[in-house]
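Contents: one structure, followed by commentary.
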Amino acid sequence: MSAFALELGLGALLGLVFVATLAARGEDRRWIGWIAVAGVFALGVVSLVVPPVEPVLHGMFVQDGLALFAKRLFLAATFIGLLAGIGQPGPGFARRAGEYYLLLLSSLLGMIVLASARELILLFVAFELMSIPLYVLAGFFKRREEAAEAALKFFLVGSVSSAIMAYGLSLVYGAAGTTDLAAVARTFAAGADPLLVLGLAATFAGFGFKIAAFPFHMWVPDTYEAAGTPFVAWLSVAPKAAGFVALFRVYFEGVGPAVSTWVSAAAGLATLTIVAGNLMALPQQNIKRLLAYSGIAHIGYMLVGFAAASASGTAMVLFYLVAYVFGNMGAFLVADAVSRAEGSESVAAFRGLAQRSPVLALAMLLFLLSLGGIPFVAGFWAKLYVFWAAASAGLYWLVFLGAVLTVVALFYYLLVAKRMYIEAPAVKTPLPIDPALAISVALCALGIVVLGVWPRAVVMAALHVASPLF
Amino acid sequence: MTLPVLSIITWSPFVGALLIMFTARRRPLAVRLIAFFAAAVPLSLSLWLYGAYDREAAGFQFYEKVALVPPLGISYELGIDGMSLLLVLLTSIIIFAGVFASWTVATRSQEFYALLLALVTGVYGVFVSLDLFVFFLFYELAVLPMYLLIGIWGSSGEVKPRGLFAWAYRETGVGSKEYAAMKLTLYLLFGSAFILVGILALWVTGGATSFSFLDLESATFSPLVQRWTFLAFYVGFGILAGIWPLHTWSPDGHASAPTAVSMLHAGVLMKLGAYGVVRVGMGLLPQGAGDLAWLMGGIACINIVYGALSAMAQTDLKYVIAYSSVSHMGLVMLGAATLTEAGLNGSVFQMFAHGVMTGLFFALVGLVYEKAHSREIFKMGGFGRMMPAIAAAFTVAGLSSLGLPGTAGFVAEVLTFMGAWRSEHPWWLGPAVAGTLLTAVYVLRVTKQIFWSGPSPHFHHLEDARGPEWVAIVVLVFVLVCFGLMPGIAIGPVDTATVPLLARIIHP
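Protein chains in written order, with the working numbering: chain C, 5 to 474; chain L, 7 to 514.
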């Protein structure tokens, strides 16, 4: 039974939130969020103690080290994201808060099942369970025109990607004659059947949409700009992490030496994604769009580790994901604090923040430096480790390209730092900040500093969970 | 257990920075006193080190080691040889003078001193670390605070958009401090990208189990790896050393930076780049260095002449000094490229001499600017009567810059010339000597115009140096003359480091 402990627990939490939503009265129902936060926290504690077990349901559902690592990460990200969103203002949010939490937790359920899925149909169902609530959440502020537009765009692109993925999976089934991923991997390892390669490539396109790799990234900036920021902070990290875990399961696990099939495709995709994300981020004046494009570039860096197609590469992508969860969420949450106070999502709203709220500005600076890959914060180790993995695989050109493009990234990150530190503020008063939001920002900052100073524990854990795949 | 002297030197500025951030809020005098102690402790310790270093035994001394990330072989490993010994001394002198030179910083002085001291920890760390990885971490720490230091406390120059690219000048705000800060930071981080790739290449291909210089020196690399990795290190560190054509960040950056930052940057940080090329590039990849010495030397020659010609064309005093650094860094790189004992000694000695000299120059320019509020050379004149001490010190720095016997600059240049003559490319001597002549032209012209010509109608009643400002001037002039008269006290230890280095390049 313990294999499903987290899934069942989350199911129970969903039921509880559902009942609370039905029972809630009044205009402000944001208190339901505390149930969700407490529940996710409890599940996080449980996830730390449940042991990995042998695959159940005929190998369909695996609770191995990788799955647990991923689930802990999802729960941590969701905890921070939910906490940050509790004090969220916004038209109609307070009254419909219950729906928000319900949808978000459903998506989380999809993710944690996805991390364990080792069967094509379960994988696909979990994927859809994760995705469909996201479409609704993107358009949660339905009275805003841009939110409706963003949700529609997200939905259309997402369903096309799901369709391509389903098509790819059907080809995979046709070639392998089974939906069991372990058997598919064995077939693939035995010899590259063109149909199987085509099927897996089409599936990759589907995943590409979800992790927002170039050229499947078009939905990202518009969706991020229009949706509520605490949700976007979570959207920018958790589903991406889930996408990567699924990629490892489908393309690496049990494939053996045949993994090298994917190296050139992944390296090419990584190159395009890094270049496109960084260059398109340059002209952005809206902080959320800026972070959206920079997030695309980060996916590219993770694909660098993916392209290494090795146990160390996989482990380093996992470490990168952890660093990215804290760094990117933190940056979005500070952006949320600023936009709540200033009523503007423009980069210009950060003007003189260092003299108004020095601690908040310092936190933002740390997040930006972490995203830029500067030493003493988590992002540095993340970039270093994926580069190391890629260099070990002989991909020196990719390492060089990635390293040079971090300089482009630092340019736009430093422009934000310039607003905060160099420009003088219009008013000197400290920025008002919601306590729950402040706590989540502090958690993110703590995360990147601890990982920056002492990355070892997480790196070792990532190496430990990644090595059985190969 | 012996006292970890190198760690104390490295970290005491950082401790000072923390103390300033947390205890001295809105107490400017306390800020300056803490900064003084944070600079004085390393200065006195590095003077002690200079005496205590065993010149007979040579090699790395005052060794410290703590394992940091054992599975990757990263450890906090410190030690100094004759070369780093001199550069640690240089750093401690410059920051000590810099604390006094920026005594009058008024806005946000707490953050200013904290960032300045944090940066200095990075500089010390680079010079003393023996672990390539820790070396790189310190290197980044030395580079990054620059952005804020120049962006917040810098001054914008008066560059008028002119000529074919006037529109681009206007668009990017050339001459403004924000532009200079961003340009400098991005250039240097671009360099770190090369360095990082080089480090990874060494680690992966060498099959070594640690990042220690001592281990990596004994690893063998194929000629192809040697050449490419050396090139990566040469470009990466070379950007910080101001190699042509990647030097353009330096005039803008140095001209816009506040006084102490210009002193530190031109005086010490550019040497960090040269030190990186010598220690990491030439030290770990001797064969690659031998193969590519022609490239290093050729580019150094361009640096010398191009930098001097550019300096001649400037009308802004700070830009003159900044371009002269580009020219002198060319001499440093040329000395290293000669692959001769005299040349390499000259190179290291030039790092020291130029560091002190340019530190003095920037300190004086800062003082002149503070009193006259002008950097326009042709607006100023006759300052010798009003500020005799500043004028005298400026003249000494200028004479050292053009290599007058009796100053440190002379020793460095003669050694480098000797090296160039004995190297495989004796023609290098031509541009090197031409550069010295050009230096004489622009330095003497500037000195005459500002200090020793007839009085300018624009300025009356300017004051000479006062109080703390004297300390900076006296210390730097003393060092410049002292090492010029007794070069042996520096050449001795340096020689113990350069001879083994060369032996590995010439007889691999």
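Even for Gly, the Cβ is constructed at its ideal location relative to N, Cα and C. Source: prediction; values computed, not measured.
Minimum Cβ-Cβ distance from LEU402/C to chain L less than 8 Å = Counted from its first residue, the first sequence places residue 402/C at position 398. So no, LEU402/C is outside the interface.
Give a yes or no on whether 8 Å exceeds the smallest Cβ distance from LEU364/C to chain L.
-> The residue given as residue 364/C occupies position 360 in the first sequence. For LEU364/C, no CB of chain L lies under 8 Å from its own CB, so it is not counted at the interface with that chain.
Partner residues on chain L for ILE426/C, Cβ-Cβ distance less than 7 Å | The residue given as residue 426/C occupies position 422 in the first sequence. Per Cβ cutoff of 7 Å: GLY157, ILE158, GLU184.
For VAL267/L, which residues in chain C fall below 9 Å Cβ to Cβ?
-> The sequence position of residue 267/L within the second sequence is 261, counting from 1. Under the 9 Å cutoff, chain C gives no residues; its nearest Cβ is about 14 Å from VAL267/L.
Segment limits, alpha helix (DSSP H) that includes VAL449/L | Counting from one through the second sequence, the residue named residue 449/L turns up at place 443. Where VAL449/L is concerned, the enclosing alpha helix (DSSP H) stretches over 435 to 453.
Check each candidate in LEU84/L, GLU62/L, ALA64/L and name the one with the smallest Cα separation from ALA72/L.
-> In the second sequence, residue 72/L corresponds to position 66, counting from 1. Checking the sequence shown, residue 72/L turns out to be Val, not Ala. In terms of Cα proximity to VAL72/L, the closest of LEU84/L, GLU62/L, ALA64/L is LEU84/L.
Check whether the region 189 to 196 of chain L touches the region 395 to 403 of chain C, taking contact to mean three or more Cβ pairs, one atom from each stretch, closer than 8 Å.
-> At 8 Å Cβ cutoff, the stretches do not touch.
Between GLY259/L and THR346/L, is the Cβ-Cβ spacing less than 8 Å?
-> Translated into the one-based positions of the second sequence, residue 259/L becomes position 253. Translated into the one-based positions of the second sequence, residue 346/L becomes position 340. Pairing GLY259/L with THR346/L gives a Cβ-Cβ distance that is not under 8 Å.
Looking at chain C, which residues of the region 482 to 514 of chain L have a Cβ within less than 8 Å of any of its Cβ atoms?
-> Listed by position, the residues of the region 482 to 514 of chain L near chain C (Cβ gap below 8 Å) amount to none.
Through-space distance from GLY383/C to TYR328/C, alpha-carbon basis | Within the first sequence, the letter at position 324 stands for residue 328/C. Within the first sequence, the letter at position 379 stands for residue 383/C. A direct Cα-Cα distance of roughly 7 Å separates TYR328/C from GLY383/C.
Along chain L, in chain order, which residues have C-beta atoms closer than 7 Å to that of LYS422/C?
-> Taking the first sequence and counting its residues from 1, the one referred to as residue 422/C is at position 418. By Cβ distance, chain L contributes GLY157, GLU184.
With a Cβ-Cβ cutoff of 8 Å, do VAL326/L and GLN320/L count as a contact?
-> Walking along the second sequence from the start, residue 326/L turns up at place 320. Walking along the second sequence from the start, residue 320/L turns up at place 314. Cβ distance < 8 Å, so VAL326/L and GLN320/L count as in contact.
Have a look at PHE256/C and LEU373/C and give me their C-alpha separation to the nearest angstrom.
-> What you label residue 256/C is simply residue 252 of the first sequence in a count that begins at 1. What you label residue 373/C is simply residue 369 of the first sequence in a count that begins at 1. Spanning the two alpha carbons is a distance of roughly 32 Å.
Helix or strand or just coil, what does DSSP make of TYR59/L?
-> The count along the second sequence starts at 1 and reaches residue 59/L at position 53. When DSSP states are grouped into helix, strand and coil, TYR59/L belongs to the coil group.
HIS271/L vs ALA263/L beta-carbon contact at 8 Å | Within the second sequence, the letter at position 265 stands for residue 271/L. Within the second sequence, the letter at position 257 stands for residue 263/L. In this structure, HIS271/L places its C-beta atom within 8 Å of the C-beta atom of ALA263/L.
Does the Cβ of LYS432/C have 16 or more other Cβ atoms within 10 Å, making it buried, or fewer, making it exposed?
-> Taking the first residue of the first sequence as 1, we reach residue 432/C at position 428. With fewer than 16 Cβ atoms within 10 Å of its Cβ, LYS432/C is classed as exposed.
Please list the segments of the beta strand (DSSP E) lying wholly inside the region 365 to 450 of chain C, counting only runs of 3 or more residues, in order along the chain.
-> Annotation: the region 365 to 450 of chain C contains no complete segment of the beta strand (DSSP E) (minimum length 3 residues).
Nearest to GLY162/C by CA position, among VAL236/C, ALA101/C, ALA319/C, PRO137/C, is which residue?
-> Taking the first residue of the first sequence as position 1, residue 162/C is located at position 158. Residue PRO137/C is the option with its Cα nearest to GLY162/C.
When the cut-off is 8 Å and only beta carbons count, does LEU202/L lie next to chain C?
-> Within the second sequence, the letter at position 196 stands for residue 202/L. Nearest CB-CB separation between LEU202/L and chain C: below the 8 Å threshold.
When TRP38/C, ALA470/C, ALA205/C are compared against GLY258/C, the one with the closest alpha-carbon | Residue mapping note: residue 258/C aligns to position 254 of the first sequence, counting from 1. Among TRP38/C, ALA470/C, ALA205/C, the Cα nearest to that of GLY258/C is on ALA470/C.
How is LEU84/L classed by DSSP in three states: helix, strand or coil?
-> The residue you call residue 84/L lines up with position 78 of the second sequence. Taken through DSSP and simplified to helix, strand or coil, LEU84/L comes out as strand.
Which same chain residues, not among the five before or five after VAL402/L, have their C-beta less than 6 Å away from its C-beta?
-> Mapped onto the second sequence, residue 402/L falls at position 396. By the criterion of a C-beta distance shorter than 6 Å, VAL402/L is surrounded in its chain by VAL483, once the five residues flanking it on both sides are discounted.
Is LEU77/C near ALA245/C, with beta carbons less than 8 Å apart?
-> Looking up residue 77/C in the first sequence gives position 73. Looking up residue 245/C in the first sequence gives position 241. One thing to note: LEU77/C has its Cβ within 8 Å of the Cβ of ALA245/C.
LEU364/C vs ILE437/C beta-carbon contact at 8 Å = Residue 364/C sits at position 360 when you count from the first residue of the first sequence. Residue 437/C sits at position 433 when you count from the first residue of the first sequence. Cβ distance < 8 Å, so LEU364/C and ILE437/C count as in contact.
C-alpha gap between PHE171/L and SER162/L, whole angstroms = For the purposes of this step, residue 171/L is taken as the residue at position 165 of the second sequence. For the purposes of this step, residue 162/L is taken as the residue at position 156 of the second sequence. PHE171/L and SER162/L: Cα-Cα distance of roughly 19 Å.
HIS334/L versus VAL283/L - alpha carbon distance = Mapped onto the second sequence, residue 334/L falls at position 328. Mapped onto the second sequence, residue 283/L falls at position 277. Between HIS334/L and VAL283/L, the C-alpha separation is close to 16 Å.
Pairwise C-alpha distance: PHE457/L and ALA397/L | If you number the second sequence from 1, residue 397/L lands on position 391. If you number the second sequence from 1, residue 457/L lands on position 451. Taking the straight line joining both Cα atoms gives about 6 Å.
Express the C-alpha separation of MET302/L and VAL231/L in angstroms, rounding to a whole number.
-> In the second sequence, counting from the first residue as 1, residue 231/L sits at position 225. In the second sequence, counting from the first residue as 1, residue 302/L sits at position 296. Straight-line Cα distance between these residues: approximately 18 Å.
Hey, would you say LEU304/C sits closer than 8 Å to GLY317/C, going by beta carbons?
-> Translated into the one-based positions of the first sequence, residue 304/C becomes position 300. Translated into the one-based positions of the first sequence, residue 317/C becomes position 313. The amino acid occupying residue 304/C in the given sequence is Gly; Leu does not appear at that position. Cβ distance not < 8 Å, so GLY304/C and GLY317/C don't count as in contact.
Chain L contact residues for THR410/C, given Cβ-Cβ distances below 8 Å = Within the first sequence, the letter at position 406 stands for residue 410/C. At a beta-carbon threshold of 8 Å, the residues of chain L lying near THR410/C are LEU195, ALA199, ordered along the chain.
In angstroms with no decimal places, state the Cα-to-Cα distance between GLY4/C and LYS387/C.
-> There is simply no residue 4/C to check, as chain C begins at 5 and stops at 474 in what is shown.
Cut-off 8 Å between Cβ atoms - residues of its own chain near GLU469/L, not counting five sequence neighbours on either side = On the second sequence, position 463 is the one that residue 469/L refers to. Once the five neighbours on either side are set aside, the close Cβ partners of GLU469/L are LYS377, MET392, MET393.
Looking at the C-beta of ALA395/C, does it have a partner C-beta in chain L at a distance below 8 Å?
-> Residue numbering aside, residue 395/C sits at position 391 when the first sequence is read from its first letter. Chain L contact via Cβ: present.
What distance in whole Å lies between the Cβ atoms of ILE40/L and GLY57/L, which are believed to be in contact at a cut-off of 8 Å?
-> Numbered from 1 along the second sequence, position 51 holds the residue referred to as residue 57/L. Numbered from 1 along the second sequence, position 34 holds the residue referred to as residue 40/L. Taking 8 Å as the upper bound for CB-CB distance, GLY57/L and ILE40/L are not in contact here, some 27 Å apart.
Collapsed DSSP secondary structure at PRO493/L in the structure displayed = On the second sequence, position 487 is the one that residue 493/L refers to. Of the three classes helix, strand and coil, the one that applies to PRO493/L here is coil, per DSSP.
The region 378 to 393 of chain C: which residues have C-beta closer than 9 Å to a C-beta of chain L, in chain order?
-> Against chain L - using a Cβ distance shorter than 9 Å - the residues of the region 378 to 393 of chain C are ILE378, PRO379, PHE380, PHE384, LYS387, LEU388, PHE391, TRP392.
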